[in-house]
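Numbering (the numbering used here), first residue to last: 337 to 876. C-beta: ideal position from N, C-alpha, C; glycine also. Bear in mind that the values here come from a model prediction, so they are computed numbers and not experimental data. Data block below; observations after.
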Amino acid sequence: MRFPVFFAAFVFSLPTLLTAAAPATPPDGAALYQLNCAVCHNAAGEGIAGIFPPLAKADYLMADKERSIRIVLQGLSGPIKVNGVDYNNVMPGQLTLNDDQVAAILTYVRNSWGNQGEPVTPAEVAAERAKVAAKPERDDPYAALPPAPAGFALREIARLPANGLRLATLPGADWLIVLHERGDLYRVTLSTGVVTKLLASEAYTDTTTGKVAALGLTIDSARRLYIATNRQTPAKPYHLNRVIIYRTAPLDATAGPIPLPKPWFQTSYPWGNNYYNHGVSHIAEGPDGFLYISSGSRTDGGETDGGVAGKSSIYWKGAETDITAAIWRVDPRSENPTIDVFARGIRNAWSFAWNDRGELFSASNGPDAHVPEELDFVERGKHYGFPYQYGEAPATDRPYPYTPPAPPGLVITPAIRNFGPAAGGSPEKPIASFNPHSSPAGMIFCGPDWPAALRGKFIMGRFGNFIGQGDFGYDLLAVDLRRNAAGVFEARMETFLYPLSRPIDFLQVGKKLYILDFTRHHGTKSGRPLTPGRILELSW
């Protein structure tokens, strides 16, 4: 599915970006291409069949130089046709590259692999950059608010200057902290809607080897803020994903500066197969006082040959490691924390949450293969199938030719079955657990502050798909989880709020739910860039 693939392309390729300062010597277009573009379009511009279009001998690329510059700057989503083949995916903008770097990349691409075109100059890039910056609101308006559920009110409280991934706050505070994908932190004052940049990534991370991909944010019961980051790190014999979790001293509830985050936990493992390095993302304190951390898979489906980038020597040719495709448990009392792998076989749990009985549930994004996204009841020591089994399909039902067989004796716990009526399930034909490619993102338990009809259920968000197989997601679901006669959890899912513009996280404060929309529109056919979204407030 496209949620993790999108973030791999949008975020994980960014750690190798050069800084945006003007270079002392002319930039090397070939080197910049390999650092910033080859992760999707491959080293020789051949692209990835059915996913990312080729740049080699590409008619779409060569037909309009100005359009190509704009795409590099602001990105592109929606259907296009390249060399007679239809593609419908998302390319992120590369605003961290300066004019000289963009010009060098495009000049290289326009004169490689059978392409022949005139150079792109920094002045041409600057001119297109000015056009993009001059009219973002007119070119990409915000979607109309959806109707609020009965008994609720919905309003917009803030428009964000950058794409946000996570929300956090303190009890009694009049603010939210928003994590940007590069690691920047913003504060949104709830009473006024004013957005202020709190901290730049450069203030607490090492930028000498590139920018981080920051995917996790939380504040623990000791009022310390945590930021989970990933960085593609060149090393021999293959690149590594360097994971650093930063932690601050305790915060106060004022709107003042936050203490500088410092490295608290570090580990590394072989960087994923091309854009499938999902990395370490969600982090949250559990009812037992420990931190739980999602460590996503480094492959799409357990491929062991380097995947779609198998020709590249920078990628380890193995599949998963002992600490990927898992949920970790880490002791926040330790100054030298170690990983306790709580559960395995969980491909990419962007979100997880506990109910009022302390039971843990995770929502995982599935592979590119057309299999359901999973909702799992996560228990210590259990294995949830990845990469051997998906949903409730038997392990013999292999979605890929390279799907590995399960090791002898491995007991796999299947995903929770959804009996509908929403998210692809029905009483007659349940699925385990959501429509394929709908990208579950965001999850909270409805406690005593919620209206009686929702109390004891979960609210789950779905970011929405990037594959042109019908639009799924872009909504919030009300999920009722109950044990059947055999003691196994089953789900009844109903649409709670729709349509939204790619909800990616949400946070409850009293009788208000704050919803983080990643961008301004929904669906796969808009052809619009992924400009920054907003925060909505749902109150009751």
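One Cα belongs to ILE581, the other to ALA821, and the distance between them is close to 42 Å. Taking 3 residues as the minimum length, the beta strand (DSSP E) runs contained wholly in the stretch 499 to 555 are 500 to 504, 511 to 516, 521 to 525, 531 to 535 and 549 to 555, in order along the chain. Counting only runs of 3 or more residues that sit fully inside the stretch 546 to 616, the beta strand (DSSP E) segments are 549 to 555, 561 to 569, 576 to 583 and 598 to 606, in chain order. Using a Cβ-Cβ distance cut-off of 8 Å, the stretch 597 to 605 and the stretch 678 to 688 are not in contact, since fewer than three pairs of beta carbons, one from each stretch, lie closer than that value.
Spanning the alpha carbons of MET398 and SER762 requires a straight line of approximately 48 Å. When DSSP reads this structure, ASP641 sits in no beta bridge, so it has no partner.
Here DSSP, grouped into helix, strand and coil, assigns LEU391 to coil. About 7 Å separates the beta carbon of LEU496 from that of VAL514, a gap short enough to meet the 8 Å contact definition. Between THR569 and the set GLY608, VAL531 and GLY386, the nearest pair of CA atoms involves GLY608.
CA-to-CA, the gap between GLN452 and ASP395 works out to about 11 Å. Rounded to the nearest angstrom, the gap between the Cα atoms of TYR738 and ASN771 is 23 Å. Straight-line spacing of the CA atoms in ASP841 and GLY450 works out to 44 Å. For PRO428, the beta-bridge partners assigned by DSSP are GLY411. For GLU492, the CB contacts under 6 Å within the same chain, skipping 5 residues up- and downstream, are ARG870 and LEU872 in chain order.
When the Cα atoms are used, ARG856 and ASN801 turn out to be separated by approximately 15 Å.
If you draw a straight line from the Cα of ILE619 to the Cα of ASN566, it comes to about 13 Å.
Counting of Cβ neighbours within 10 angstroms places ALA463 among the exposed residues, the total staying below 16. Linking ARG798 to GLN430 through their CA atoms gives a straight-line distance of about 25 Å. Under the three-state reduction of DSSP output, THR831 falls in the strand class. With contacts defined as CB atoms closer than 8 Å, ALA699 and TRP686 qualify as a contacting pair. Beta-bridge partners of ARG838 (DSSP): none assigned. GLY420 is the residue among GLY420, ASP364, PRO787 and THR361 whose C-alpha sits nearest the C-alpha of PRO390. Straight through space, the alpha carbons of ASN434 and TYR423 are spaced by roughly 28 Å. Following the DSSP letters along the chain, one finds ALA439 in no beta strand (DSSP E) but inside the alpha helix (DSSP H) bounded by residues 435 to 445. The stretch 613 to 629 and the stretch 548 to 557 touch, with three or more beta-carbon pairs separated by less than 8 Å. Taking a cut-off of 8 Å on C-beta distances, the stretch 811 to 818 touches the stretch 832 to 839, as three or more cross pairs fall below it.
Inter-segment contact for the stretch 623 to 631 and the stretch 660 to 673 is present: three or more beta-carbon pairs are separated by less than 8 Å. The Cβ-Cβ distance between VAL418 and ALA439 does not fall below 8 Å. The DSSP-derived three-state label of GLU460 is helix. Close CB contacts of GLU830 within its chain, under the 6 Å cut and outside five residues either way in sequence, are with ALA758 and ALA814 (chain order). Take ARG716, set aside five residues on each side of it, and the residues of its chain with a beta-carbon closer than 7 Å to its own are PHE678 and ALA679, in chain order.
In the structure shown, ILE405 adopts helical secondary structure according to DSSP, grouped into three states.
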